[in-house]
Amino acid sequence: MEERKRQNYMTEGTIVIIDLDRFGEVVEERGWSEYSPNPATGLLTSLVEMFVRKWQGVVIYGLDEARGTEEVVIEIPLVEPEELRQDLESIKQELNSLGVGVTIVAVKGYVLGRPASDRREAYTATPFRRYALSILRRTKRRGGNQVVIA
Numbered sequence: 014m015e016e017r018k019r020q021n022y023m024t025e026g027t028i029v030i031i032d033l034d035r036f037g038e039v040v041e042e043r044g045w046s047e048y049s050p051n052p053a054t055g056l057l058t059s060l061v062e063m064f065v066r067k068w069q070g071v072v073i074y075g076l077d078e079a080r081g082t083e084e085v086v087i088e089i090p091l092v093e094p095e096e097l098r099q100d101l102e103s104i105k106q107e108l109n110s111l112g113v114g115v116t117i118v119a120v121k122g123y124v125l126g127r128p129a130s131d132r133r134e135a136y137t138a139t140p141f142r143r144y145a146l147s148i149l150r151r152t153k154r155r156g157g158n159q160v161v162i163a
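Now the structure itself:
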């Protein structure tokens with residue numbers, strides 16, 4: 014019984030990674046604070062909170078109300094990535110209205126449904142998270158500011 018509690022129980026779902034594009038440049042250019050919520054990170058924090066509540070997702074890493082959210086990893090059990098497209102596009106449009114680019118990746122895979130202990134675990138704990146991260150990096154190298162459903 015004790016061994017059973019320690020096992021990882023995975024279910025199918027969607028891994029979502031949201032990352033603001035060229036954020037350091039934008040902060041410097043506009044004179045925003047990096048260490049407290051600014052218009053972009055404050056907006057992303059509230060948008061992620063609403064998104065997670067709506068889809069009953071789990072924030073794996075990155076949601077930070079005290080400093081504002083620059084990047085976030087979310088898992089949503091029993092949901093297909095395509096079902097999220099409209100909401101993810103809406104998040105992108107709202108951030109774009111502030112003049113901030115954002116890259117969003119949603120990948121179908123197995124989800125653990127529990128927060129990561131650190132950034133590394135958040136991005137590498139499962140092959141599906143690593144896959145989502147590789148898509149994110151590739152998309153950002155090509156200019157970013159896209160929603161990618163894989």
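Counting from 14, one number per residue, gives the positions in the sequence shown under the numbering used here.
Quick reminder that beta carbons are idealized off the backbone N, C-alpha and C, glycines included.
Remember, predicted model here, so these are calculated numbers, not experimental data.
Quick check: the Cα distance between residue i and residue j, rounded to an integer number of angstroms?
i, j, result
"residue 46", "residue 108", "17 Å"
"residue 37", "residue 125", "31 Å"
"residue 145", "residue 59", "23 Å"
"residue 42", "residue 24", "43 Å"
"residue 143", "residue 137", "5 Å"
Give the DSSP-derived three-state secondary structure of residue i in the structure shown.
i, result
"residue 75", "coil"
"residue 32", "strand"
Cutting at 8 Å between CB atoms, please list the residues of its own chain near residue i, excluding the five before and the five after it.
i, result
"residue 98", "119, 160, 162"
"residue 95", "162"
"residue 100", "64, 67, 68"
"residue 158", "34, 105, 109, 114, 115, 116"
Do residue j and residue i have their beta-carbon atoms positioned less than 8 Å apart in this structure?
i, j, result
"residue 32", "residue 149", "yes"
"residue 152", "residue 116", "yes"
"residue 26", "residue 91", "yes"
"residue 135", "residue 61", "no"
"residue 74", "residue 155", "no"
How close, in whole Å, do the beta carbons of residue i and residue j come, if the pair is a contact with beta carbons under 8 Å?
i, j, result
"residue 127", "residue 71", "7 Å"
"residue 122", "residue 28", "6 Å"
"residue 49", "residue 80", "6 Å"
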